[in-house]
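Asker:
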Amino acid sequence: MTDYSSTSLDEALRGCKALISTIVDISQTYVDIHLQLLAACRRSASCKRFIPSEFAGNTRDYPDQPAYFRNINERVRQALKQQDQVEWTIVCIGLFADYFVPVSNRYNRHMREGPLIDFDNEKFSVPGSLQDSIDITLARDVVKGLVALVKGPIWALYTFMSGQRLTWREIVDTIRRERPKFTVQVSTLNEVIDTLMPGNSADDITFAQLQMYSASGAARRPEREVEKQKQEYFRDIHFHTLQEIWNQFNDNKTIIF
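First residue of the sequence shown: 1, per full-length UniProt numbering; consecutive thereafter.
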């Protein structure tokens with residue numbers, strides 16, 4: 001178990017080829033740890049590939065989304081760009097598809113920002129419009145993709161994975177076929193913006209930032225790059241669609257995604 005000290009990290013990385021971080025935090029701690037991880041890779045004789053913990057949207061074209069990550073993520077990105085000893089890539093997946101099945105059937109229990117799909121209360125909180133689209137990717141498919149990346153050729157600065165692109169209407173229809181009692185509340189873009197204004201609670205503002213992430217288009221992957229990189233890195237990986245995920249759930253109600 002590492003304590004993120006130089007000695008501990010140097011020992012942990014001995015003989016490794018790549019380092020993948022999955023640390024989630026929105027404080028200075030995230031920056032400090034990732035800078036220590038990068039420094040350890042630079043010191044290492046063998047570990048010269050590093051994937052920082054982002055796993056969010058199209059940060060290439062929307063670098064400040066979602067807003068609650070923007071200050072910490074950008075500081076780590078700048079540190080990566082200012083060195084040339086360690087190869088790196090930022091992995092962009094949209095939203096984890098795990099959040100689109102009941103809580104009892106996933107390892108990722110709750111979104112800390114609040115649920116866009118609340119299975120406990122059977123309610124959709126749709127930001128923007130039902131015609132807005134997002135990309136979703138199952139966590140286990142992301143892991144398979146990461147393994148392929150580590151084994152693969154030279155990395156792009158941004159790596160895009162996507163199980164499926166759907167509109168919120170398609171998401172609602174898919175889940176309602178199995179859970180017809182689900183209600184839908186649509187928050188218009190202006191309503192989301194109003195919630196971001198000072199005077200609202202910190203929790204409401206954070207949830208509105210998540211909603212803006214969807215409504216702004218930041219949760220969509222650039223389709224051309226998705227297909228190009230699928231052929232380059234992920235040709236042997238099947239990325240599950242939402243319907244395929246629900247088919248698995250219907251076949252085994254105790255499955256954990």
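No residue lacks a Cβ here, since even glycine has one placed at the ideal position from N, Cα and C. Computed from a prediction, not measured in an experiment: that's the story for all the values here.
1) Arginine 177 lies in the beta strand (DSSP E); which residues open and close that run?
2) Along the chain, where does the beta strand (DSSP E) that runs through tyrosine 30 open and close?
3) On the CB-based measure, 16 or more other CB atoms within 10 Å of its CB, does alanine 219 come out buried or exposed?
4) Three Cβ pairs or more, each shorter than 8 angstroms: is that satisfied between the region 96 to 108 and the region 56 to 64?
5) Let me know the beta strand (DSSP E) ranges lying completely inside the region 93 to 170, each 3 residues or longer, listed in chain order.
6) Output needed for asparagine 108: all residues of its chain with C-beta closer than 7 angstroms, excluding positions within five of it in sequence on either side, in chain order.
7) So, is glutamine 83 buried or exposed, given that buried needs 16 or more other C-beta atoms within 10 angstroms?
8) Per DSSP, tryptophan 88 is paired with what?
9) Sort Asp64, Phe207, Ile171 by Cα distance to tryptophan 246 and report the nearest one.
10) Under three-state DSSP, which class holds asparagine 250?
11) Could you tell me the alpha carbon to alpha carbon distance between serine 162 and isoleucine 26, rounded to whole angstroms?
12) DSSP on residue 280, reduced to helix/strand/coil?
13) Output needed for isoleucine 93: all residues of its chain with C-beta closer than 6 angstroms, excluding positions within five of it in sequence on either side, in chain order.
14) Taking only the alpha-carbon atoms, compute the straight-line gap between tryptophan 88 and tyrosine 213 and give it to the nearest angstrom.
15) Let me check one thing: in DSSP terms, what residues is alanine 56 bridge-paired to?
16) Name the DSSP bridge partner or partners of asparagine 71?
17) Helix or strand or just coil, what does DSSP make of leucine 19?
18) Measuring only the C-alpha atoms, how far is aspartate 132 from glutamine 164?
19) Quick check on this structure: which residue in Glu232, Leu146, Gly217, Cys16 has the alpha carbon closest to the alpha carbon of leucine 166?
20) Does the ligand HEM have a heavy atom nearer than 7 angstroms to the CB of alanine 97?
21) Let's see if you can read the secondary structure: which residues bound the beta strand (DSSP E) around threonine 183?
Answerer: The answer reads as follows:
1) Note, arginine 177: premise wrong, no beta strand (DSSP E); alpha helix (DSSP H) at 168 to 178.
2) Counting along the chain, tyrosine 30 falls outside any beta strand (DSSP E), though it belongs to the alpha helix (DSSP H) covering 28 to 43.
3) buried
4) no
5) 123 to 127, 133 to 137, 158 to 160, 164 to 167
6) Phe96, Asp98, Tyr99, Ala139
7) exposed
8) Phe50
9) Ile171
10) helix
11) 24 angstroms
12) Outside the modelled stretch of the chain, which goes from 1 to 257, sits residue 280, for which no answer is possible.
13) Phe55, Thr137, Val142, Met161
14) 24 angstroms
15) Cys92
16) DSSP output for asparagine 71 lists no bridge partner at all.
17) strand
18) 14 angstroms
19) Gly217
20) By its list of ligands, the structure shown contains no ligand whatsoever, and the ligand HEM lies outside what it can speak to.
21) 183 to 187
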